[in-house]
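Using the working numbering, you'd call the opening residue of the sequence shown number 486 and step up by one each time.
Data first, discussion second: the structure below is written as structure tokens.
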Amino acid sequence: MKIGFDAKRAFLNHSGLGNYSRMLIRSLLDFYPENNYSLFTTRKRKTDFSEFISSQKNTSVIHPENFIDKQISSRWRSYKITPLLLENKIDVYHGLSNELPFNISKFKGKKIVTIHDLIFLRYPKLYPFFDRKIYDKKFKSACDLSDKIVAVSQQTKNDIVKFYSVDPEKIKVIYQSCDEVFCRQITVDKIKNVKSKYKLPQTYLLYVGTIEKRKNLLTILKALTIVKDISLVVVGKKKSYFKKVQDFISSNDLGKRINFLEDVSNEDLPAIYNSAEIFIYPSLFEGFGIPIIEALTCKTPVITTQDGCFAEAGGPDSIYIDPMNHEQLAEEIKKILSSPELRKNIAEKGYEHSKLFLPQVIAAEVIALYSKK
């Protein structure tokens, strides 16, 4: 098969949609090298991923050639990719990040789009008006023009049906895998070096994710006013919500117990997960929640939000809470910290659940979708 991807995010986004795109492309190259892969991107920058792609004999990168297309890259992505699909005799085109070219109906091959979430429709106040309108136009168009839609969770599938009235039979739930670096064995020396490098406390709770209102870090901080004898490590990019976080930390004298880390490499992150007593993820809403899978793969117990997509990621043995109830969170933290046997049991069962999301498992499901007549 000749398979084409909208690979802009794979080359240009460090997290989120970029991680999804990179992991899927890498997995397909690793496990299905008999296919030819064409990666369409407005531009690319030098990264480990771009170096990896350059080394692949069955892969080509296609980007704007003339001055106008380079300057108006959104136009190239929305209208100029389709003729290139025909020119390169592509069999399947997969929009990996919520959109397809607006004129892709001219392409007679298989058209697939991955929809990650519709949070901008569920929580419109979190997004500027203009952004919401653009997202709505692109997402709805992609759902209409595609032959099949990949939803990254049952929650996302339900939302696509609810907001866009799409036939459920058109939507296939295929989960996201985490980076293969999380699947490697973590050595004692690696853990020791990482803890020293980032000056991590001996024991700590962990949160990984953007520091923004929807992710709800304040619930963890409020729980720390009840659970007194442990620190918190926060890994993630700071947004305007960080001001509220800072104010709460200052008001409650938590400064010495909180470690904020940014720009942590994927090579170091597994050791940070593995060393944590508990990973806590009280987000109000997600399309899926890949940090949960990362934690489970690193054999770290997870406390996360009840309802939504979180149980899909966390499985039957993670702990689920009301994300706005810090007292409930504190109680669950105490239970796990006071019982090494309980912690070990949750971690082991969570690790078994994480095998559902191994790269080879997800790649097989995607290839089956591409191949289905």
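For each residue, glycine too, the CB sits at the ideal point set by N, CA and C.
Residue i: buried (16+ other C-beta within 10 angstroms of its C-beta) or exposed?
| i | result |
| --- | --- |
| G835 | buried |
| L524 | buried |
| I553 | exposed |
| E584 | buried |
| E779 | buried |
| V577 | buried |
| E771 | buried |
| R507 | buried |
| A848 | buried |
| T567 | buried |
| Q661 | buried |
| N543 | exposed |
| P518 | exposed |
| I538 | buried |
| R865 | Only positions 486 to 858 of the chain appear in this structure, which leaves residue 865 out of reach. |
| D644 | buried |
| N551 | exposed |
| G740 | exposed |
| F615 | exposed |
| L509 | buried |
Cβ of residue i within 7 Å of any heavy atom in the ligand NAD?
| i | result |
| --- | --- |
| N678 | This structure does not include the ligand NAD; it has no bound ligands of any sort. |
Give the C-beta separation of residue i and residue j to the nearest angstrom, bearing in mind that I take them to be a contact with Cβ-Cβ under 8 Å.
| i | j | result |
| --- | --- | --- |
| F470 | S535 | Given that the chain is displayed from residue 486 to residue 858, the structure contains no residue 470 and the question cannot be resolved. |
| S545 | P844 | Going by Cβ atoms, the distance from S545 to P844 rounds to 22 Å, so no, they are not a contact pair. |
| E762 | L690 | 6 Å |
| H548 | T532 | That belief does not hold up - the Cβ atoms of H548 and T532 are roughly 15 Å apart, past 8 Å. |
| K722 | E752 | Actually they are not in contact, since the Cβ atoms of K722 and E752 sit about 18 Å apart, beyond 8 Å. |
| A832 | T782 | About 11 Å; that fails the 8 Å criterion. |
Tell me residue i's beta-bridge partners as DSSP assigns them.
| i | result |
| --- | --- |
| K487 | N521 |
| F764 | L691 and V787 |
| N744 | V718 |
| Y578 | G489 and K596 |
| S545 | S523 |
| Y805 | T789 |
Would you check if there are 3 or more beta carbon pairs closer than 8 Å linking the region 675 to 687 to the region 651 to 667?
These segments do not touch.
4-residue-minimum alpha helix (DSSP H) runs that sit fully inside the region 599 to 684, ordered along the chain:
604 to 607, 614 to 630, 639 to 649 and 673 to 682
To test your reading of the DSSP string, which unbroken alpha helix (DSSP H) runs of 4 or more residues are found completely within the region 690 to 735?
702 to 709
Inspect the CB distances between the region 700 to 720 and the region 673 to 680 and report whether three or more fall short of 8 Å.
Segments in contact, no.
Taking three-plus beta-carbon pairs below 8 Å as touching, is the region 723 to 732 in contact with the region 755 to 775?
They do not touch, by the three-pair rule.
Evaluate the contact criterion for the region 628 to 643 versus the region 814 to 832: three or more CB pairs, one atom per stretch, below 8 Å.
no
Assess, as a yes-or-no matter, whether the region 663 to 672 is touched by the region 611 to 630 under the definition of 3 or more beta carbon pairs within less than 8 Å.
no
At least 3 beta-carbon pairs within less than 8 Å: the region 599 to 615 vs the region 687 to 699:
Contact holds: three or more Cβ-Cβ distances are below 8 Å.
Any chance the region 789 to 797 sits against the region 826 to 840, with 3 or more Cβ pairs inside 8 Å?
no
Assess contact between the region 613 to 626 and the region 583 to 603, defined as three or more Cβ pairs (one per stretch) separated by less than 8 Å. Is contact present?
yes
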